């Protein structure tokens, strides 16, 4: 892991860009005190520099967490496979034509999750070697499908906050019942692109004994600010 | 309003029993500093002295609120009408026989709400005359049907926390769309006696622009402790 830049933010958080082989990432950390690690993955179509992700990461770091994000293979600024480009073109065309998009999402997101998981695990290995970063590890992200897979294969992840706002492939909908860690599941009640019933079914499917759903009125990007605070308190209960 | 007892609790909260005409009530208040008022109504079948209500009231008072509850007409220790006794007997018989109970609940809870509302309003009038108690007023209660009606008829109520755990008469399900104050709606995902879909439909029906659903795994009495904390933070956002 090589750090390529470092910046002290005005809330006392240090923001550092890193590369790990081909993987570019960012780490936010509050000073030098030991902090539990939170992996924060974004909707796969958006880069790790997306302002909403950065704002969530900085807020969470200021609350006492080491927060890391990466652009995994095919995500953010990383190069895309020909199949990936084709699926994205198909998706745009189908959306313009008002055609069903589930199968296209399936062919796009399924492989993205498969390819992202090992890179997130490699990153996790490297981050836990750094001084002042300890377990247990949390996951807090807009990319629920990735979070489900990570929660299933990665025993170091002890709690997860998911946002029910993107397509979850069939494989991860099946895997949901294997997720047993405490969950906070965020739902926007009127999310344009995400059927409410599908999100409620996913919440129902998780195998966790402690799972909480927070639903708020409004569309995809309308999550109220207080959910950020609630999300940190959820992490506090399980990681601190 | 006549105070009939006063007790200083170990968290600095003063608990006072009162009567207001025929209405018996309890008021919890943190010291002498001014505090916003929270009306806390219980599931109508249970008395104001129910330990879970008292625990919620004390916790909320310790967080800086004046909290009041009453046994309204027909509730708790108050005498019941013959029709009320009959409905309760019918309910027990139908439940033993495994028969549908919606119509019996309708005949029981509908009139209870109608009779309770003016008594809660009379109590509200009297409480707001007391020194150190100010508006805006919150409602936090297990009795959602009463809360809906109060939120519709009582402009002094500025925010409400409801628990989706009891029968809500047709009249209040209709009135839900007239509720426009900020809401926090608590749902137990596996509540034995309360169909989940009916609770989700009720959440959907509320006319409020700010409404949040918190759903947790488990049965009727399994609400996790952190929801008490979340409920106070919801009140903090709107009453302080």
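Residue numbers (this note's numbering), protein chains in the order written: chain A, 1 to 240; chain B, 241 to 480.
No residue lacks a Cβ here, since even glycine has one placed at the ideal position from N, Cα and C.
Keep in mind it's a predicted model, so treat the numbers as computed, not measured.
Simplified DSSP state of residue i, which is helix, strand or coil
i	result
residue 360 of chain B	helix
residue 373 of chain B	strand
residue 194 of chain A	coil
residue 148 of chain A	helix
residue 167 of chain A	coil
residue 264 of chain B	strand
residue 379 of chain B	strand
residue 209 of chain A	coil
residue 398 of chain B	strand
residue 272 of chain B	coil
residue 179 of chain A	coil
residue 300 of chain B	helix
residue 99 of chain A	coil
residue 78 of chain A	coil
residue 478 of chain B	helix
residue 200 of chain A	helix
residue 87 of chain A	helix
Within 8 Å, strictly: CB atoms of residue i and residue j
i	j	result
residue 112 of chain A	residue 75 of chain A	yes
residue 455 of chain B	residue 427 of chain B	yes
residue 365 of chain B	residue 348 of chain B	no
residue 447 of chain B	residue 408 of chain B	no
residue 272 of chain B	residue 257 of chain B	no
residue 196 of chain A	residue 106 of chain A	no
residue 116 of chain A	residue 138 of chain A	no
residue 149 of chain A	residue 121 of chain A	no
residue 104 of chain A	residue 94 of chain A	yes
residue 42 of chain A	residue 193 of chain A	no
residue 164 of chain A	residue 199 of chain A	yes
residue 57 of chain A	residue 28 of chain A	yes
residue 307 of chain B	residue 300 of chain B	yes
residue 73 of chain A	residue 119 of chain A	yes
residue 64 of chain A	residue 35 of chain A	yes
Min CB distance residue i to chain A below 8 Å
i	result
residue 466 of chain B	yes
Short CB-CB distance (under 8 Å) between residue i and chain B
i	result
residue 29 of chain A	no
residue 213 of chain A	yes
residue 237 of chain A	yes
residue 230 of chain A	yes
Closer than 7 Å at the beta carbon, the chain B residues around residue i
i	result
residue 209 of chain A	457
residue 92 of chain A	In chain order: nothing, as chain B lies at least about 32 Å away.
Contact test: residue i Cβ vs the ligand MN heavy atom, cutoff 7 Å
i	result
residue 144 of chain A	Within the structure as shown, the ligand MN is missing, as the structure has no ligands at all.
So, does the segment 209 to 224 of chain A touch the segment 445 to 460 of chain B, judging by three or more C-beta pairs under 8 Å? yes
Any contact of the segment 246 to 255 of chain B with the segment 460 to 472 of chain B, i.e. 3+ C-beta pairs under 8 Å? Because the criterion of three Cβ pairs below 8 Å is not met, the segment 246 to 255 of chain B and the segment 460 to 472 of chain B do not touch.
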